[in-house]
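> Protein chains in written order, with the working numbering: chain A, 1 to 241; chain B, 1 to 241; chain C, 1 to 241; chain D, 1 to 241.
Protein chains: 4
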Amino acid sequence: MVRVTVWNEYRHEREDDNVAELYPEGIHAALADALEERGHDVRTATLDEDDEHGLSRDVLDETDVLLWWGHLAHDEVSDEIVDRVVEEVRDGMGFLPLHSAHYSKPFKRLMGTSCSLKWREAGERERLWTVEPGHPIAEGIDEQIVVPEAEMYGERFDIPQPDALVFVSWFEGGEVFRSGCCYRRGSGRIFYFRPGHEEYPIYEQEEIITVIDNAIEWATPTDGVEPNFSNVEAAEPIGEE
Amino acid sequence: MVRVTVWNEYRHEREDDNVAELYPEGIHAALADALEERGHDVRTATLDEDDEHGLSRDVLDETDVLLWWGHLAHDEVSDEIVDRVVEEVRDGMGFLPLHSAHYSKPFKRLMGTSCSLKWREAGERERLWTVEPGHPIAEGIDEQIVVPEAEMYGERFDIPQPDALVFVSWFEGGEVFRSGCCYRRGSGRIFYFRPGHEEYPIYEQEEIITVIDNAIEWATPTDGVEPNFSNVEAAEPIGEE
Amino acid sequence: MVRVTVWNEYRHEREDDNVAELYPEGIHAALADALEERGHDVRTATLDEDDEHGLSRDVLDETDVLLWWGHLAHDEVSDEIVDRVVEEVRDGMGFLPLHSAHYSKPFKRLMGTSCSLKWREAGERERLWTVEPGHPIAEGIDEQIVVPEAEMYGERFDIPQPDALVFVSWFEGGEVFRSGCCYRRGSGRIFYFRPGHEEYPIYEQEEIITVIDNAIEWATPTDGVEPNFSNVEAAEPIGEE
Amino acid sequence: MVRVTVWNEYRHEREDDNVAELYPEGIHAALADALEERGHDVRTATLDEDDEHGLSRDVLDETDVLLWWGHLAHDEVSDEIVDRVVEEVRDGMGFLPLHSAHYSKPFKRLMGTSCSLKWREAGERERLWTVEPGHPIAEGIDEQIVVPEAEMYGERFDIPQPDALVFVSWFEGGEVFRSGCCYRRGSGRIFYFRPGHEEYPIYEQEEIITVIDNAIEWATPTDGVEPNFSNVEAAEPIGEE
């Protein structure tokens, strides 16, 4: 069982009636339920939970893969916790920033870019095309996922070139977007996945959960050697001609 | 001055009145004219020109970058000439397969994949989004190029992951496509560029020519060392402990 | 259980006493034994086994991951079987070319390059450094694997840029080599792994088998959609302004 | 003429007699001289020059490509100037961190990783192998560059997977290193180049200057569109079925 922590800012759901109706217990709870059904060992954490945003060292030590949803309050996440999350990813923890988490502090820190994009809220249709059907994150996914109503995110998405690009979105209003992007940073694996606006029941779509489920499996750390970053002796003779 | 050879199958233009009207001297001639205006040293070659399809060793020796347009008669290109082109690319010649040349023998040979895709001829609008505005092939290009009427090519496009992905297309009918893809194979650089259906005046669009012009500059060979593929002596002592 | 087929040319072992002593039943048998111990469902196939080199359609249909060892007789592998193997890889079968299989027909076909390199047989020390400790193929592997005696392969290795580079070799005589290279081609995953000269007991090294074991897990096909390569109807309206 | 700024920490040269003997005017002056001879328009800047480390907005506005050498005093570079440099790179300025600048603040910020490595100071021989002879940064470079005496840097080098890997180093003492790594971040191009320890006359080696010269050409910004990161109107109709 993969130990998953779903982190959520959890503000929209408490401030906006429409969102509360969709996700009465919060987006984190909806995701946790869906992922527990898929057999994962899931806990949740939220921004206002305690002075560590629910991400104590103990919680992170027991986390294989961390999901991150945030939007209104990226700046309220303390730099100390961001440092901690970034460090954990580099040490191997999987990291799945979802939707508006493109602008979260940990993702921006791990990417080294602005992670900016263009956007529009018009409830338009999105089609996520499976660009790499052979990738494990695309397992069980059809050639496209149709999201009936979505916020648009459009290119230029200011990210480093992904190590693998799994999904590309089409939007009714005329834009495209690299919606499923894999990275390795340090020993950790990162998958940015675009869908998930708070005003539409996107995390109730079976295929969306399947992608997240696949991404959790893909991002689960494997037991690699801890890198040796030190001054070392030579194993081979130096100075022979 | 970059020495460019524009290769064209040159069948549609001679067999179909609509195409002949658009490209009376052939697509190769239209491209050659446009690229000469941009300051390149351009020659053309066509499938039925001679028993080497206009691609004698002398012609290829004097070619820095080869453009390739083909559609109806990929199979009529002799394997000997394909071997020759592939060899030249590996030795450093730039190669720009255009549009339906995704299915040309040299491109398929250099990619190692089927290069298949889905398609539709409905004269629909295409928007090529500039995914990498900092790439030299995007120099002078706006955030999108709108092609008013295009044949659709849709993902899954069965290619190896590009070394760089510069353009992604949006189509009116609902599909997306990786439309500008960079590769290095051997010492040669390859840029696949999607636009260019024979029934629309796409090669008369200024931005399309700009992209091709940029790609020619990018693909022009630089003077790298010829790899040494042989049995070699050791430069360092072997057998010391 | 992953269904593994180990293909071996099986000539050195029958023609050269030194090799026969190391691998009396052939390299394929040694690999099969080691991989069965790791829990895989392994069968073997060899060049001279039957007129299909042991790679009938039935065998390939029941193969998740194909290992390939060849050296002296690459040219004797029939093009029909090569076509079949390449097709299977594109359809999702994992493919692990080992050592001198860099020059095998299926690998060259899937890469689109010459796959040439420089070499030396001097029984020198090789150190495979783990460049990506977080990659699943490096699971359980230390920061380096030392092969006491190896044939040298040196750069320039004429391959496409790997999708991921997991190991880089150091050689006593002064060369380096990209020794563990991941690719996706079609829906299949490919891992080229350098170690394995026939004159040294390299496939008896535990770490070497661990890498191959990991690569088998990594290359096992996942159940992705079969791409739709056809003329399609538009899902969205065309012709609106 | 490319406008190059060579930034140097300039401490070793003022604090250590051996270094002062090699680079009496500083590493920046030696590089500036060599690059001026190659036809570039070069200025220099140093850490202690003024309260902006010589990197005022005006200087950066007039810089196409910034070289960076630092070692002892990475932490003394003010975060404000680091922000400024990172911003300029994202806006297109080329950036060439040299040698120990792997640990400079701007490089670490742009990579998002620790950029750690292992090392040894033993004056050992280094061989930089040209892994991509067809890359423009390898123009005019032989299959290897031999540095007679070098500080060793060894893998695991904790960087994101490079967009292109041009050189890999071999070290006498048994290690390897990815010594020439290309990245795009925002609209800017970055080339990390390893050689350059302050105690050896490495920047007097002609081939080393050739690589830097090539990298400057490669990293010079091209005139791409400034990305539009805003809330946008739809260009296509929304809400049709």
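Just so you know, even glycine gets a beta-carbon here, dropped at the ideal spot from N, CA and C.
#1: Can you look up residue 18(B) in the DSSP assignment and give me helix, strand or coil?
#2: Decide if residue 204(B) is buried, meaning its Cβ has at least 16 other Cβ atoms within 10 Å, or exposed.
#3: Report yes if the C-beta distance between residue 177(B) and residue 155(B) is below 8 Å; otherwise report no.
#4: Kindly give me the distance between the Cβ atoms of residue 128(C) and residue 95(C), rounded to whole angstroms, as I take these residues to be in contact under 8 Å.
#5: Which runs of the alpha helix (DSSP H) at least 4 residues long sit entirely within the segment 102-161 of chain C? Give them in chain order.
#6: Applying the 10 Å Cβ sphere with the 16-neighbour rule, what's the burial state of residue 239(B)?
#7: Give the residues of chain A in contact with residue 133(B), contact being defined as C-beta atoms less than 8 Å apart.
#8: Tell me which same chain residues have a C-beta within less than 7 Å of the C-beta of residue 153(A), skipping the five on either side of it?
#9: Using DSSP's beta-bridge definition, name the partner residues of residue 183(C).
#10: Could you spell out where the beta strand (DSSP E) holding residue 166(C) opens and where it closes?
#11: Check the Cβ-Cβ distances between residue 148(D) and every residue of chain B, and say whether any is below 8 Å.
#12: Can you tell me where the alpha helix (DSSP H) with residue 318(A) in it begins and where it stops?
#13: Listing by chain order, which chain C residues have their CB less than 7 Å from the CB of residue 130(D)?
#14: With 8 Å as the threshold, decide whether the Cβ of residue 119(A) is near any Cβ in chain D.
#15: Buried or exposed: which applies to residue 235(B), given that a residue is buried once 16 or more other Cβ atoms fall within 10 Å of its Cβ?
#16: Note the first and the last residue of the continuous beta strand (DSSP E) segment covering residue 65(D).
#17: Entirely within the segment 34-89 of chain D and at least 4 residues each: give me those alpha helix (DSSP H) ranges in chain order.
#18: Do residue 47(D) and residue 244(D) count as a contact pair if the criterion is CB distance below 8 Å?
#19: Report buried or exposed for residue 160(A), applying the criterion of at least 16 other Cβ atoms within 10 angstroms of its Cβ.
#20: Please list, in chain order, the residues of the segment 93-119 of chain B that have any C-beta partner in chain C closer than 8 Å.
#21: Beta-carbon within less than 7 Å of residue 115(A)'s beta-carbon, same chain only, minus the 5 sequence neighbours each way: which residues are those?
#22: Tell me, to the nearest whole angstrom, how far the beta carbon of residue 189(D) is from that of residue 224(B); I am working on the premise that it is less than 8 Å.
#23: When you check each C-beta in the segment 216-230 of chain C against every C-beta of chain A, which residues fall closer than 7 Å?
#24: Going along the chain, which residues of its own chain have a beta-carbon closer than 6 Å to the beta-carbon of residue 43(A), five neighbours each way excluded?
#25: Less than 8 Å between the CB atoms is what I'm expecting for residue 19(D) and residue 13(D), so what's the real figure, rounded?
#26: Answer yes or no: does any C-beta atom of chain D fall closer than 8 Å to that of residue 127(A)?
#27: Could you give the distance in angstroms between the alpha-carbon of residue 27(D) and the alpha-carbon of residue 7(D)?
#28: Out of 196(C), 208(C) and 99(C), which one is the CA nearest neighbour of residue 145(C)?
#29: On the DSSP letters alone, give me the boundaries of the beta strand (DSSP E) that residue 96(C) sits inside.
#30: Going by other Cβ atoms of all chains shown within 10 Å of its Cβ, with 16 needed for buried, is residue 21(D) buried or exposed?
#31: By the 8 Å beta-carbon criterion, what residues does the segment 177-202 of chain A contribute toward chain D?
#32: Within the same chain, show all residues whose beta-carbon is closer than 7 Å to that of residue 99(A), passing over the 5 residues directly before and after it, in chain order.
#33: When we look at the beta-carbon of residue 97(A) and count the other beta-carbons within 10 Å, is it buried (16 or more) or exposed?
#34: Output yes if chain B places a C-beta closer than 8 Å to the C-beta of residue 140(A); else output no.
#35: Mind checking if residue 234(D) is an interface residue toward chain B, Cβ cutoff 8 Å exclusive?
Let me spell this out:
#1: Three-state result, residue 18(B): helix.
#2: Note on residue 204(B): under 16 other CB atoms within 10 angstroms of its CB, so exposed under the neighbour-count rule.
#3: Result yes, Cβ atoms of residue 177(B) and residue 155(B) sit closer than 8 Å.
#4: Contact check for residue 128(C) and residue 95(C): beta-carbon distance about 20 Å, past the 8 Å limit, so the pair fails to qualify.
#5: The alpha helix (DSSP H) runs lying completely inside the segment 102-161 of chain C and spanning 4 residues or more are 105-111, given in chain order.
#6: By the neighbour-count criterion, in which 16 or more other beta carbons inside 10 Å mark a residue as buried, residue 239(B) falls on the exposed side.
#7: Neighbours of residue 133(B) in chain A, taken as residues whose beta carbon is under 8 Å from its own, are 156 in chain order.
#8: Spatial neighbours of residue 153(A) in its own chain (CB-CB distance under 7 Å, excluding positions within 5 residues in sequence) are listed in chain order as 117, 119, 177 and 194.
#9: Answer is 190(C), bridged to residue 183(C).
#10: Note, residue 166(C): beta strand (DSSP E), 164-171.
#11: No, no contact with chain B.
#12: Here chain A comprises residues numbered 1 to 241, so residue 318(A) is not present and cannot be evaluated.
#13: The contacting residues are 156.
#14: Using beta-carbon distances, residue 119(A) counts as an interface residue toward chain D, with a partner under 8 Å.
#15: Around the Cβ of residue 235(B), a 10 Å sphere holds fewer than 16 other Cβ atoms; the residue is exposed.
#16: Residue 65(D) -> beta strand (DSSP E) spans 65-69.
#17: Fully contained in the segment 34-89 of chain D are the following alpha helix (DSSP H) runs of length 4 or more, in chain order: 57-61.
#18: Residue 244(D) is absent from the model: chain D starts at 1 and stops at 241.
#19: With 16 or more other Cβ atoms from the protein chains shown falling within 10 Å of its own Cβ, residue 160(A) counts as buried.
#20: Residues passing the 8 Å Cβ filter: 109, 110, 111, 112, 113, 114, 116, 117, 118 and 119.
#21: Counting only Cβ-Cβ distances below 7 Å, and skipping sequence neighbours, we find 102, 103, 107, 108, 158 and 159.
#22: About 19 Å separates the CB atoms of residue 189(D) and residue 224(B); that is not less than 8 Å, and the two are not in contact.
#23: Result list: 222, 223, 224, 225, 227 and 228.
#24: These residues qualify, in order along the chain: 5.
#25: Indeed, because the Cβ distance is near 5 Å, the residues count as touching under 8 Å.
#26: With 8 Å as the cut-off, residue 127(A) does not count as an interface residue toward chain D.
#27: Rounded to whole angstroms, residue 27(D) to residue 7(D) spans 9 Å at the Cα level.
#28: It is 208(C) whose Cα lies nearest to the Cα of residue 145(C).
#29: Membership of residue 96(C) in the beta strand (DSSP E) is indicated by the continuous run 94-97.
#30: So residue 21(D) ends up on the exposed side.
#31: Within the segment 177-202 of chain A, the qualifying residues are 183, 184, 185 and 186.
#32: Closer than 7 Å at Cβ, skipping near neighbours: 69, 194, 195, 196 and 197.
#33: Classification for residue 97(A): buried.
#34: No - not a single Cβ of chain B is within 8 Å of the one on residue 140(A).
#35: Not a single C-beta of chain B is nearer than 8 Å to the C-beta of residue 234(D).
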